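K.L.:
Chains as they are written, first to last, in my numbering: chain W, 1 to 681; chain U, 1001 to 1158.
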């Protein structure tokens, strides 16, 4: 089966390369046959990489430890679902998985759009297959997952070697969220290849209207959705599996996924200006190029070993190849962009700085500034070390959470402000009256709530500002739904809930967007709770108690258990809140014999107010007690609730609009009137 | 009288002791959340959760000892940097070359503001004719196609 995988990989490289040549030659020679052949080859590439993926999966399932990658990432006792996730648990397999997803996206996009955009599609195919050649080539020549273990025998003869068992999957990856986190994150990263390919195709074919944007709108949202969900799942995994009490550590791997997400968020907003006003065309090209390049850069950053990361389980010397790919991709795209600048002029003039257009420009600026701050902080240790000594460089420094929080929190709060203000400004020019009408009450109530919060003891400035902003933005969003739904129910007789649902379904992009914003507010609120985290550490034997604010934890049992793949030391702890028993917690410490690594399984008592987070840190020196680390993390649940709402809002925004009611209906007329009032004042 | 005063002071100190301990814990937490654990985990000193970590305990004790000696955070962090190198600080000091780490994001933001202002002013000063001229260069094929489709499907009413 390993030979089948090798052959499929080699075929993938050849067929994808042929697809590029056939597509470009077909355009040049105006040969429909060559173009169609290029398309078929792209679909053939999908078949080849799928074959390679199936082969690798099969080799994991049958425990073929003659294959180096399988011997290093699996063992006989590993449960089947972890054997499947081990396919992408290391460098070689994760790159193959990335390449496979790329060919899946490519095949789907080609089938969906071939007849609709005949001029653009050969270019789209060529761009997508360029990435496919790179990834399949990396797998074939640099990090091949099908390589067998070869040992040098006496006499200088190489011989195959099959170890009796594998080293096992990294215990930190043996967690159910880790089975789905990488595929979802990769679906996000790889998904941006589609709008990127269309953007390049639009420039190459000189079709630079908004066709490419409208065609890829849903693809972009799908990628943005998966990347966002992937980031959140990663945070959830860190929270429940790493056992340090938090969900975001500004680690380079986390930053690598956040950067393209931030640029893509800017892109999703600025495309609306191009669709509505024909402006920001060059900027949209720049943003989507940067988004895809940052996806590749993130992979380069975390796999090359360039920066230190706590996620160091997938490093190898592939950095140079990725850097070359980034340089070629970026310079090629920018050259094309500069060459086509004349076709990308704005169609409209700007009437006022207080308008929806300008709010989108500021939103983009803030998102990019935030991305730059993350980028700069992530690579600064490298810059500092490389800088000459006379400049004060030559020293390796650490850039950790204190830096990122201090720089990004004020930027994020300003972004929150724009989230509240931007959507309510009219296109072209917002009048003073509409500003008063839209913002006076939400701002007044938010400030009043701020005063109350201050007197209740919330004196951490940024946390206070975050809460005030959250209230302001929530009120502006609620007001929008209320106004629209009231207009519908007055005209149609629908009850309020029906009116809200129908209103949302009739303009999914706008109201889905508001729901996304609300999710962001909740997420931000949950994040701000981190400013008030407290923790304590104590040794506890049977019957001992640990008290933290209103909670008391009583150690009832400590037991050692042999499980299929590890040895577990589990504590049973009764939890009391204000003296009343509310639950039982089972923090655990595991020891994986195959890899010789310990891990911790956190026990969390989660409420909407706070999380009580209990870590079994290890046995006390006397061997009779356990060291327990207890954290009280306020508002964390809102991060996950916000994430779910953000995801739901994105899904709603992807739905097609429900058909309008007949123009004669009163509801339609009233709603239209409200719409006109809001957006053309 | 003197004895009474001394006893009163002693009683106050005893009563205040738990609060002082809590305050110390908070200060230790604050300082260790600005330092990196030197065990190689790359985590904050206060967050390192490695079992039997060889450095977290001694480093935290060292911070506590310096606090007992009356040193402030501004004195403690440089002392650690002298001992372990700048890598022990969770964020680079805002001096020398490292100052650029702190100011560059805001310089970039300021440049962005200027650029946005410049573009917005240019767009504001454009005449409708200039905008229309640009519009004529855009791809209108889809409108032609739509027009053609609608004409094809058009059935004149009698």
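Every residue gets a Cβ at the ideal spot worked out from N, C-alpha and C, and that includes glycine.
All of these numbers come straight from a predicted model, not from anything done at the bench.
1. Where does residue 1149 of chain U fall in DSSP's three states?
2. Short of 9 Å Cβ to Cβ, which residues in the region 1063-1089 of chain U face chain W?
3. Which residues bound the alpha helix (DSSP H) around residue 28 of chain W?
4. Pull up the distance between the alpha-carbon of residue 10 of chain W and that of residue 333 of chain W, whole angstroms please.
5. So is residue 368 of chain W in contact with chain U if we call contact Cβ pairs under 8 Å?
6. Return the Cβ separation of residue 455 of chain W and residue 464 of chain W in integer angstroms, given the expectation that the two are a contact with Cβ distance under 8 Å.
7. Would you tell me roughly how many angstroms separate the C-alpha atoms of residue 541 of chain W and residue 623 of chain W, rounded to the nearest one?
8. Is the Cβ of residue 1103 of chain U closer than 8 Å to any Cβ of chain W?
9. How would you write the range of the beta strand (DSSP E) that residue 1078 of chain U sits in, first residue to last?
10. Near residue 8 of chain W, which residues of its chain fall below 6 Å by C-beta distance, leaving aside the five closest residues on each side in sequence?
11. If you count every other CB in all the chains shown that lies within 10 Å of the CB of residue 357 of chain W, and 16 or more means buried, which is it?
12. Would you decide whether residue 91 of chain W is buried or exposed? Buried here means 16 or more other CB atoms lie within 10 Å of its CB.
13. Under a CB-based cut-off of 8 Å, is residue 640 of chain W close to chain U?
14. Spatial neighbours of residue 1102 of chain U within its chain, please: C-beta separation below 6 Å, excluding the five flanking residues on both sides.
15. Which bits of chain W does residue 1092 of chain U rub up against, with CB to CB less than 8 Å?
16. With a threshold of 8 Å, are at least 3 pairs of Cβ atoms found where one atom belongs to the region 140-159 of chain W and the other to the region 180-194 of chain W?
17. Who are the near neighbours of residue 223 of chain W in its chain, counting only those whose CB is closer than 6 Å to its CB and skipping five residues on each side?
18. Are the C-beta of residue 387 of chain W and some C-beta of chain U separated by less than 8 Å?
19. Checking contacts by CB at 8 Å: is residue 360 of chain W closer than that to chain U?
20. Given a limit of 7 Å on CB to CB distance, which residues of the region 560-591 of chain W reach chain U?
21. If you drop the 5 nearest sequence neighbours on each side, which residues of the same chain put their C-beta closer than 6 Å to that of residue 65 of chain W?
22. Assuming the contact rule is C-beta atoms closer than 8 Å, residue 266 of chain W and residue 367 of chain W should be a hit. Round their C-beta distance to whole Å, please.
23. According to the neighbour-count rule (16 or more other Cβ atoms, all chains shown, within 10 Å of its Cβ), is residue 5 of chain W buried or exposed?
24. Determine the burial state of residue 1147 of chain U: buried for a count of at least 16 other Cβ atoms within 10 Å of its Cβ, exposed for fewer.
25. With distances taken from CA atoms, which of W:145, W:576 and W:446 is nearest residue 54 of chain W?
26. For residue 112 of chain W and residue 406 of chain W, what's the separation of their Cα atoms in angstroms?
27. Give the interface partners of residue 1044 of chain U over in chain W, defined as CB-CB distance under 7 Å, in chain order.
28. Could you name the residues that DSSP lists as bridge partners for residue 535 of chain W?
29. Would you list the one or two residues that DSSP bridges to residue 158 of chain W?
30. Along the chain, where does the alpha helix (DSSP H) that runs through residue 236 of chain W open and close?
31. Tell me the DSSP secondary structure of residue 320 of chain W in three-state form.
32. At least one CB of chain W closer than 8 Å to the CB of residue 1109 of chain U: is that the case?
33. Using a Cβ-Cβ cut-off of less than 8 Å, list which residues of the region 220-252 of chain W approach chain U; keep chain order.
34. Please work out which residues of its chain come closer than 8 Å, Cβ to Cβ, to residue 514 of chain W, disregarding the five sequence neighbours upstream and downstream, and give them in chain order.
35. Can you name the residues of chain U whose CB is closer than 7 Å to the CB of residue 391 of chain W?
36. Would you list the residues sitting across from residue 71 of chain W in a DSSP beta bridge?
P.N.:
Once the coordinates are examined:
1. Position 149 of the second chain holds residue 1149 of chain U. Three-state DSSP puts residue 1149 of chain U in a helix.
2. 1085, 1086, 1087, 1088 and 1089
3. On the first chain, position 28 is the one that residue 28 of chain W refers to. Residues 2-29.
4. Residue 10 of chain W sits at position 10 when you count from the first residue of the first chain. Residue 333 of chain W sits at position 333 when you count from the first residue of the first chain. Rounded to whole angstroms, residue 10 of chain W to residue 333 of chain W spans 28 Å at the Cα level.
5. One-based indexing of the first chain puts residue 368 of chain W at position 368. Interface residue, yes.
6. Along the first chain, read from residue 1 onward, the residue named residue 455 of chain W stands at position 455. Along the first chain, read from residue 1 onward, the residue named residue 464 of chain W stands at position 464. Rounded, the Cβ-Cβ distance is 11 Å, inconsistent with contact.
7. The residue you call residue 541 of chain W lines up with position 541 of the first chain. The residue you call residue 623 of chain W lines up with position 623 of the first chain. Rounded to the nearest angstrom, the two C-alpha atoms are 10 Å apart.
8. Taking the first residue of the second chain as position 1, residue 1103 of chain U is located at position 103. It does not; no Cβ of chain W falls within 8 Å.
9. As a first step, residue 1078 of chain U must be located in the second chain, where it is residue number 78. Residue 1078 of chain U -> not in any beta strand (DSSP E); alpha helix (DSSP H) instead, spanning 1073-1084.
10. To locate residue 8 of chain W, count along the first chain from 1; it is residue 8. Closer than 6 Å at Cβ, skipping near neighbours: 48, 51 and 52.
11. Taking the first chain and counting its residues from 1, the one referred to as residue 357 of chain W is at position 357. Under this definition residue 357 of chain W is a buried residue.
12. Here residue 91 of chain W is taken as the residue at index 91 of the first chain, counted from 1. Buried: at least 16 other Cβ atoms inside 10 Å.
13. For the purposes of this step, residue 640 of chain W is identified with residue 640 of the first chain, where counting begins at 1. Judged by the 8 Å Cβ criterion, residue 640 of chain W is not in contact with chain U.
14. For the purposes of this step, residue 1102 of chain U is taken as the residue at position 102 of the second chain. Here the set comprises 1094.
15. For the purposes of this step, residue 1092 of chain U is identified with residue 92 of the second chain, where counting begins at 1. Simply 380, 384, 397, 398, 399 and 403.
16. no
17. In the first chain, the residue the question calls residue 223 of chain W occupies position 223. For residue 223 of chain W, where only same-chain residues beyond five positions count, the Cβ hits under 6 Å are 188, 191 and 192.
18. By 1-based counting over the first chain, the position of residue 387 of chain W is 387. By this cut-off, residue 387 of chain W is an interface position.
19. One-based indexing of the first chain puts residue 360 of chain W at position 360. By this cut-off, residue 360 of chain W is not an interface position.
20. none
21. Translated into positions along the first chain, residue 65 of chain W becomes position 65. So the list reads 71, 162, 163 and 166, once near-sequence residues are dropped.
22. Along the first chain, read from residue 1 onward, the residue named residue 266 of chain W stands at position 266. Along the first chain, read from residue 1 onward, the residue named residue 367 of chain W stands at position 367. Sure, about 4 Å apart at Cβ, within 8 Å.
23. On the first chain, position 5 is the one that residue 5 of chain W refers to. Residue 5 of chain W comes out buried.
24. As a first step, residue 1147 of chain U is located in the second chain; it is residue number 147 there, counting from the start. Exposed, by the Cβ-count rule.
25. Position 54 of the first chain, counted from the first residue, corresponds to residue 54 of chain W. For residue 54 of chain W, the nearest C-alpha among the options comes from W:145.
26. Mapped onto the first chain, residue 112 of chain W falls at position 112. Mapped onto the first chain, residue 406 of chain W falls at position 406. One C-alpha to the other measures close to 46 Å.
27. Within the second chain, the letter at position 44 stands for residue 1044 of chain U. Chain W residues near residue 1044 of chain U: 400 and 401.
28. In the first chain, counting from the first residue as 1, residue 535 of chain W sits at position 535. W:631, per the DSSP bridge assignment.
29. As a first step, residue 158 of chain W must be located in the first chain, where it is residue number 158. Residue 158 of chain W pairs with W:152.
30. Position 236 of the first chain, counted from the first residue, corresponds to residue 236 of chain W. Note, residue 236 of chain W: alpha helix (DSSP H), 211-237.
31. Position 320 of the first chain, counted from the start, is the residue given in the question as residue 320 of chain W. Of the three classes helix, strand and coil, the one that applies to residue 320 of chain W here is helix, per DSSP.
32. Here residue 1109 of chain U refers to the residue found at position 109 when the second chain is read from its first residue. So, interface residue.
33. 242, 243, 244, 245, 246, 249 and 251
34. Here residue 514 of chain W refers to the residue found at position 514 of the first chain. The residues are 423, 477, 480, 481 and 649.
35. Numbered from its first residue, the first chain carries residue 391 of chain W at position 391. Result: 1097.
36. Walking along the first chain from the start, residue 71 of chain W turns up at place 71. None; residue 71 of chain W has no bridge partner.
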